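To keep things clear, I will list the structure first and then write my remarks on it.
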Amino acid sequence: MSTNTILLVEDNVDNAAIYRTILEHFGYAVLVATDGEMGITMARQQSPDLILMDISIPKIDGWEATKILKSSEETSHIPVIALTAHALATDRARAEAAGCDGYLAKPVEPRRVVEEVERQLSESDAGASGEPD
Amino acid sequence: MDTEDRNKHGEMEEALRRSEERAAFLADASQILASSLDYAQTLRNIAKLAVPRFADWCAVDLIDPHGRTERVAVEHQNPEKVAFVYALQERYPPDESAPHGVPQVIRSGEVEYLENIPDELLREAAQDAEHLALIKQLQLRSFVAAPLSTANAVLGALTFVHAESGRTYSQLDCKLLADLARRAATAIENSRLVAELEDARDRIQEQASELEMQTEELQAQAVHLEEQATELERQIEEARSVNESLTKANEALAVAKSAAEAAREEANRANQAKSQFLAVMSHEFRTPMNAIIGYTDLLVAEITGPLNVQQKKQLDRVRAGATHLLGLVNQVLSLARIEAGGENVDVSDVDCTAIAAEVVDLLSPLAERQGLELRLQVPDHPEIIRTDGGKLRQILFNLVSNAVKFTDQGWVEVDLEREGSDVIVRVSDTGIGVAPEHLEQIFVPFEQLDRDLRSSTDGTGLGLSVSRELARLLGGDLLAESEVGQGSTFALRLPADSPLD
Chain P
5 MSTNTILLVE
15 DNVDNAAIYR
25 TILEHFGYAV
35 LVATDGEMGI
45 TMARQQSPDL
55 ILMDISIPKI
65 DGWEATKILK
75 SSEETSHIPV
85 IALTAHALAT
95 DRARAEAAGC
105 DGYLAKPVEP
115 RRVVEEVERQ
125 LSESDAGASG
135 EPD
Chain A
62 MDTEDRNKHG
72 EMEEALRRSE
82 ERAAFLADAS
92 QILASSLDYA
102 QTLRNIAKLA
112 VPRFADWCAV
122 DLIDPHGRTE
132 RVAVEHQNPE
142 KVAFVYALQE
152 RYPPDESAPH
162 GVPQVIRSGE
172 VEYLENIPDE
182 LLREAAQDAE
192 HLALIKQLQL
202 RSFVAAPLST
212 ANAVLGALTF
222 VHAESGRTYS
232 QLDCKLLADL
242 ARRAATAIEN
252 SRLVAELEDA
262 RDRIQEQASE
272 LEMQTEELQA
282 QAVHLEEQAT
292 ELERQIEEAR
302 SVNESLTKAN
312 EALAVAKSAA
322 EAAREEANRA
332 NQAKSQFLAV
342 MSHEFRTPMN
352 AIIGYTDLLV
362 AEITGPLNVQ
372 QKKQLDRVRA
382 GATHLLGLVN
392 QVLSLARIEA
402 GGENVDVSDV
412 DCTAIAAEVV
422 DLLSPLAERQ
432 GLELRLQVPD
442 HPEIIRTDGG
452 KLRQILFNLV
462 SNAVKFTDQG
472 WVEVDLEREG
482 SDVIVRVSDT
492 GIGVAPEHLE
502 QIFVPFEQLD
512 RDLRSSTDGT
522 GLGLSVSREL
532 ARLLGGDLLA
542 ESEVGQGSTF
552 ALRLPADSPL
562 D
C-alpha cells in the first residue's frame, strides 16, 4: 500500500507542526502550503490524496481556494477537510457550500484530525474502487 | 178751629210725619250704604229698610258683568208673596225690551214714576190673560223705579211699589227715592272701586311678594352663579396649573426620553462593541489554545519520545488547564453570540428523552470517577418537541456537568416530564446547594458564590448564564431551586411548539 500524501494548507507554524507531526507519525506524507495561492498550486502539481484546508489563510482564503479546487477537473476529486477557528453553526453550512468533504472546528485534538483523515480516505477509496483502473 | 182748619191742620201734620219718615229712612239708608262694601248685600238691606215703611214691595236689579239684568232682591213683608213673585218671574221672564218698568229705566237712566198705575199699563206688561190675572192679584197701585246711575254708567235699578196698603208715591217721594238710588249707585261704584283697588292692591302685593320671591330666588341664583363662577375660575386656574405642570412634565419627559434613547443607543453600541470584542478575542484565543492543546497531545501520546511518570502527570495538568481555558473561551463566545443576536436557532423535531439519555451517557464516566450515582428518570417513549436539538444538548450538558462538578457525594438525577404544552427537564443533585437569596446571582456571568469553597472545582462561571440565555432563546426558561446543604434543582422549561417556527 502506497503512502498517502496529505496537503496541509495552514499559515500558523504551530498548527502546521502539530498536524504534520501526528500525520507523519501515522504514516502519511505531508506537504505544507502557507497560503491559498500556494495551496492551489501545490494541489495541482502534487495531486495529494487529501487536503486539510485552514480557512483563515492569506491571499486566497480557505473557502475560495476550496471552490477553485472543486471547480477544476484535475483537483475536484481530492477530498478537502476544512479547519476553522470560528466554530459557528454557519461555518458547517458554508463548508458544505464551498464543496468541503469534511469539517473540523479548531481547537481540535491531533488524534481527531487523524481520525477524520482516515475516514475521508476510506470513503474516497470506496468510491474509487468502483471505477476501472 | 173749623173743619177746614182741622183738615188743613191734619194734612200738615201728616205731611210733617211723612217728611220725618222720609228723613229717618234716608238717614238709615245712608248709614246702611256707608256700613258695607258688599253692595249686593247693602242693596238688599236698603230694600228691607224700605219695606214696609216706604214701600209694600221693593226690588233690586243689577246689571251683571255680562250686561244681563239680574234681580238680586225682592222684599215684601210676606215671604209667600215674595215666593209668588219669584215663581211668576220664573214663568214669565221679564222682557228686557219692555217700554216701561226696570228695563226702560236701565236703558234710559231716567226715573219712572206713576202715582197711580193704570190698568192698561198692566195689560201691556202682561204676556197673556193668566199673567194679567196673576199680576192683578198683586194689587199694584203706585211705583217709583229709579236707576242706579253714576256719571259713567247705569248699574241697575231700585223699584219701590205700593200695593195692598193703598198708599201712593208723591213727587217728593219720587225725588227722595231717585236721590237714594243715586247715592246707592255712588256707594256701589265706590265699593266696586274699593274692591278693584283692593284687588289691585292684592295683585300688587301678590306681584310684590312674587317679585320678592323672584328677587330672593334671583339673589340665590346669583349667589349660586357667583359660587359656580368662583369654582369655574378655580378649576380653570387648576387646569391651567395642571396644564403648565403637564407641559413641564412633557418637556422633562421629552428630554428624559431623548436622553434615555441616546443612553440606550450608547448602551446598544457599547454592548455590540463588547460582544464584537468578545467574539474576536475568543477567536484570537483559540489559535494559541490550539497550539497548546496540540503540542500537549503530541507529548502525551509520546510521539516525540517517551515521558517519565512525573512529566506525564504535569502534562495532564497542562492539558486540564488548557481544556478549562478552552471551555471558558467557548462559553464566552457563546454568550457574546447570543447577546449580539448572532446565534442561529435550528428548529426541528427533537426527542428530548433521547437527548437527556445521551447527555447522561456522556457524563456517566465523569460521575463514576467521583463516586456519584447519575440517575435518569425519563418516560419510556420519545418526547418529541419542536426546538433546537444542539442547544438543548448544550444546556443539559452544562447543567449535568455542573451538578457533577459541585456534588461531592450522593447522586445527580435527570428527570423529564410533560407539563401541559411544555417539557420540563429537572437536574437535581445532593451537592453543596445555594442559598435562596443567591439563586438569581448564579445566573450572572462570572458570579460564582463563595470562591474559596469552589476553588477546588473547575466551573467556568459561565455555564449557567449561557444555559439560561439559550433556554430563553428557545422560548423557554431556566430556573433554580436550592438551599445551602440541601442540594440544588435546575428546571429547564421548553415549549413543545417553538415560537421560532
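Going down the list, the protein sequences come from chains P and A. For the first sequence, the residue numbers in our numbering are 5 to 137. For the second sequence, the residue numbers in our numbering are 62 to 562. Even glycine gets a Cβ: it sits at the ideal position worked out from N, Cα and C. Bear in mind that the values here come from a model prediction, so they are computed numbers and not experimental data.
Pull up the distance between the alpha-carbon of Leu201/A and that of Arg132/A, whole angstroms please. 19 Å
If you measure from the beta carbon of Thr7/P to each beta carbon in chain A, is any gap under 8 Å? no
Around the Cβ of Phe221/A, are there at least 16 other Cβ atoms within 10 angstroms (buried) or fewer (exposed)? buried
Between the stretch 69-89 of chain A and the stretch 177-189 of chain A, are three or more C-beta pairs nearer than 8 Å? no
Return the residues of the stretch 352-376 of chain A that lie within a Cβ-Cβ distance of less than 9 Å from chain P, sorted by chain order. Ala352, Ile353, Ile354, Gly355, Tyr356, Asp358, Leu359, Ala362, Ile364 and Thr365
With the cut-off set at 8 Å, would you say Arg436/A and Glu474/A are in Cβ contact? yes
contact_flag[the stretch 366-378 of chain A, the stretch 329-347 of chain A] where n(CB pairs < 8 Å) is 3 or more: no
Partners in chain P for Leu396/A, counting only beta-carbon separations shorter than 8 Å: The premise fails here: Leu396/A is roughly 14 Å from chain P at the closest Cβ pair, so nothing lies under 8 Å.
State buried or exposed for Arg529/A, treating a residue as buried only when at least 16 other CB atoms are found within 10 Å of its CB. buried
Are the C-beta of Arg24/P and some C-beta of chain A separated by less than 8 Å? no
Identify the contact partners of Arg48/P in chain A, using a Cβ-Cβ distance below 8 Å as the criterion. Under the 8 Å cutoff, chain A gives no residues; its nearest Cβ is about 28 Å from Arg48/P.
How many whole angstroms separate the CB atoms of Ala246/A and Ser210/A, which I take to be in contact at a CB cut-off of 8 Å? 5 Å
Please classify Glu434/A: does DSSP put it in a helix, a strand, or coil? strand
Closer than 8 Å, CB to CB, is Met342/A near chain P or not? no
Would DSSP call Cys235/A helix, strand or coil? helix
Three or more C-beta pairs under 8 Å: does that hold for the stretch 62-82 of chain A against the stretch 49-63 of chain P? no
Cα separation between Thr130/A and Glu273/A? 42 Å
Give the interface partners of Arg115/P over in chain A, defined as CB-CB distance under 8 Å, in chain order. Asp358 and Ala362
Pro62/P versus chain A: which residues are under 7 Å apart at the beta carbon? Residues of chain A passing the Cβ test: none, with the nearest at roughly 14 Å.
Closer than 7 Å by beta-carbon distance: list the chain P residues that pair up with Leu387/A, in chain order. Pro111
Find the nearest neighbour of Trp472/A within the set Leu110/A, Pro497/A, Val484/A and Leu433/A, judged by alpha-carbon distance. Leu433/A
Pick out whichever of Gln337/A, Ala381/A and Leu182/A has its Cα sitting closest to the Cα of Ile399/A. Gln337/A
Does DSSP put Ser60/P in a helix, a strand or coil? coil
Glu151/A - containing alpha helix (DSSP H), residue span: Pro140 to Arg152
Would you say Glu100/P touches the ligand HEM, meaning its beta carbon is less than 7 Å from a heavy atom? What this structure holds is no ligand at all, so the ligand HEM is not there to describe.
What first and last residue would you give for the alpha helix (DSSP H) that runs through His29/P? Val17 to His29
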